[in-house]
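Engineer: Numbering (the working numbering), first residue to last: 1069 to 1176.
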(Lines of atoms letter the chains of each structure in order from A and count residues from 1; the text may use other names and numbers.)
(Lines give C-alpha, C1' and ligand atoms only; values in the text may rest on other atoms or scores of the structure.)
Protein backbone atom coordinates (compact mmCIF):
# COMPACT_ATOMS: atom_id res chain seq x y z
CA UNK A 1 0.00 0.00 0.00
CA UNK A 2 1.34 3.43 -0.95
CA UNK A 3 1.44 6.13 1.71
CA UNK A 4 -0.72 9.13 0.83
CA UNK A 5 0.58 12.65 0.66
CA UNK A 6 -0.45 15.24 3.22
CA UNK A 7 -2.61 16.92 0.61
CA UNK A 8 -4.44 13.68 -0.15
CA UNK A 9 -4.96 12.97 3.54
CA UNK A 10 -6.23 16.52 4.13
CA UNK A 11 -8.62 16.23 1.19
CA UNK A 12 -9.95 12.92 2.53
CA UNK A 13 -10.36 14.39 6.01
CA UNK A 14 -12.28 17.37 4.62
CA UNK A 15 -14.50 15.04 2.59
CA UNK A 16 -15.27 12.89 5.65
CA UNK A 17 -16.06 15.98 7.72
CA UNK A 18 -18.44 17.26 5.03
CA UNK A 19 -20.15 13.88 4.67
CA UNK A 20 -20.65 13.52 8.44
CA UNK A 21 -22.09 17.03 8.63
CA UNK A 22 -24.55 15.99 5.91
CA UNK A 23 -25.52 13.03 8.16
CA UNK A 24 -24.22 10.39 5.76
CA UNK A 25 -24.04 7.05 7.62
CA UNK A 26 -20.63 6.08 8.97
CA UNK A 27 -20.81 2.71 7.19
CA UNK A 28 -21.21 4.39 3.80
CA UNK A 29 -18.30 6.73 4.49
CA UNK A 30 -16.08 3.85 5.56
CA UNK A 31 -17.07 1.82 2.49
CA UNK A 32 -16.23 4.73 0.20
CA UNK A 33 -12.86 5.27 1.85
CA UNK A 34 -11.87 1.62 1.66
CA UNK A 35 -13.24 0.80 -1.79
CA UNK A 36 -12.82 4.06 -3.71
CA UNK A 37 -9.93 5.75 -1.91
CA UNK A 38 -8.10 2.51 -1.18
CA UNK A 39 -7.36 3.09 2.50
CA UNK A 40 -7.41 0.34 5.11
CA UNK A 41 -10.51 -0.10 7.29
CA UNK A 42 -8.52 1.06 10.34
CA UNK A 43 -7.36 4.21 8.54
CA UNK A 44 -10.94 4.89 7.45
CA UNK A 45 -12.02 4.60 11.10
CA UNK A 46 -9.32 7.11 12.08
CA UNK A 47 -10.53 9.62 9.48
CA UNK A 48 -14.10 9.25 10.75
CA UNK A 49 -13.13 9.51 14.44
CA UNK A 50 -11.10 12.67 13.81
CA UNK A 51 -13.97 14.25 11.86
CA UNK A 52 -16.46 13.36 14.60
CA UNK A 53 -14.23 15.05 17.19
CA UNK A 54 -13.99 18.13 14.97
CA UNK A 55 -17.78 18.28 14.63
CA UNK A 56 -18.34 17.91 18.37
CA UNK A 57 -15.73 20.55 19.18
CA UNK A 58 -17.50 22.98 16.86
CA UNK A 59 -20.93 22.88 18.48
CA UNK A 60 -22.04 24.97 21.44
CA UNK A 61 -23.45 23.63 24.69
CA UNK A 62 -26.97 24.59 23.57
CA UNK A 63 -26.55 22.78 20.26
CA UNK A 64 -25.15 19.76 22.10
CA UNK A 65 -28.21 19.69 24.38
CA UNK A 66 -30.53 19.92 21.37
CA UNK A 67 -28.64 17.11 19.63
CA UNK A 68 -28.83 14.93 22.74
CA UNK A 69 -32.56 15.63 23.01
CA UNK A 70 -33.09 14.63 19.37
CA UNK A 71 -31.06 11.45 19.84
CA UNK A 72 -33.04 10.47 22.92
CA UNK A 73 -36.35 11.11 21.16
CA UNK A 74 -35.28 9.09 18.12
CA UNK A 75 -34.07 6.21 20.27
CA UNK A 76 -37.30 6.18 22.29
CA UNK A 77 -39.45 5.95 19.17
CA UNK A 78 -37.13 3.33 17.66
CA UNK A 79 -37.30 1.25 20.84
CA UNK A 80 -41.12 1.41 20.78
CA UNK A 81 -41.26 0.33 17.12
CA UNK A 82 -38.80 -2.52 17.74
CA UNK A 83 -40.76 -3.74 20.76
CA UNK A 84 -44.03 -3.59 18.79
CA UNK A 85 -42.39 -5.68 16.05
CA UNK A 86 -41.07 -8.12 18.66
CA UNK A 87 -37.46 -7.33 17.73
CA UNK A 88 -36.33 -7.59 21.32
CA UNK A 89 -32.58 -7.63 20.67
CA UNK A 90 -32.83 -4.27 18.94
CA UNK A 91 -35.10 -2.98 21.71
CA UNK A 92 -32.52 -3.89 24.34
CA UNK A 93 -29.79 -2.18 22.29
CA UNK A 94 -31.88 1.01 22.12
CA UNK A 95 -32.57 0.95 25.85
CA UNK A 96 -28.89 0.39 26.61
CA UNK A 97 -27.88 3.32 24.41
CA UNK A 98 -30.56 5.49 26.02
CA UNK A 99 -29.15 4.62 29.44
CA UNK A 100 -25.66 5.54 28.28
CA UNK A 101 -26.80 8.84 26.75
CA UNK A 102 -28.70 9.85 29.86
CA UNK A 103 -25.93 8.71 32.20
CA UNK A 104 -28.06 6.15 34.02
CA UNK A 105 -25.40 3.44 33.76
CA UNK A 106 -22.78 5.59 35.49
CA UNK A 107 -25.06 6.45 38.39
CA UNK A 108 -25.53 2.83 39.33
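Think of the CB as a built atom: it goes at the ideal place given N, C-alpha and C, for glycine as much as any other residue. Quick caveat: nothing in here was measured; it's all calculated off a predicted structure.
#1: Drop a sphere of 10 angstroms on the beta-carbon of residue 1160, count the other beta-carbons inside from all chains shown, and report buried for 16 or more, exposed for fewer.
#2: What did DSSP end up calling residue 1127 once you bin it into helix, strand or coil?
#3: If residue 1081 sits next to residue 1118, beta carbons under 8 Å apart, how far is it from one beta carbon to the other, in whole angstroms?
#4: If you reduce the DSSP assignment to three classes, tell me which class residue 1157 lands in.
#5: From what residue to what residue does the alpha helix (DSSP H) around residue 1098 run?
#6: Looking only at its own chain, which residues have a Cβ that is under 6 Å from the Cβ of residue 1168, when we skip the five neighbours before and after it?
#7: Can you find the residues in the same chain that come closer than 7 Å, C-beta to C-beta, to residue 1150, ignoring five residues on each side of it along the sequence?
#8: May I have the straight-line CA-CA distance separating residue 1141 from residue 1171, to the nearest angstrom?
Structural biologist: Short version:
#1: Here the question's residue 1160 lines up with position 92 in the chain shown. Exposed.
#2: The residue given as residue 1127 occupies position 59 in the chain shown. Coil, per DSSP.
#3: Stepping through the chain shown from its first residue, residue 1081 is reached at position 13. Stepping through the chain shown from its first residue, residue 1118 is reached at position 50. The pair is a contact, with the Cβ atoms about 6 Å apart (cut-off 8 Å).
#4: For this step, residue 1157 is matched to residue 89 along the chain shown. Helix at residue 1157.
#5: Residue mapping note: residue 1098 aligns to position 30 of the chain shown, counting from 1. Start and end: 1094 to 1103.
#6: Locating residue 1168 in the chain shown gives position 100, counting from the first residue. Counting only Cβ-Cβ distances below 6 Å, and skipping sequence neighbours, we find nothing.
#7: The sequence position of residue 1150 within the chain shown is 82, counting from 1. Taken in chain order, the residues that qualify are 1158, 1159 and 1162.
#8: Translated into the one-based positions of the chain shown, residue 1141 becomes position 73. Translated into the one-based positions of the chain shown, residue 1171 becomes position 103. Going from the Cα of residue 1141 to the Cα of residue 1171 covers about 15 Å.
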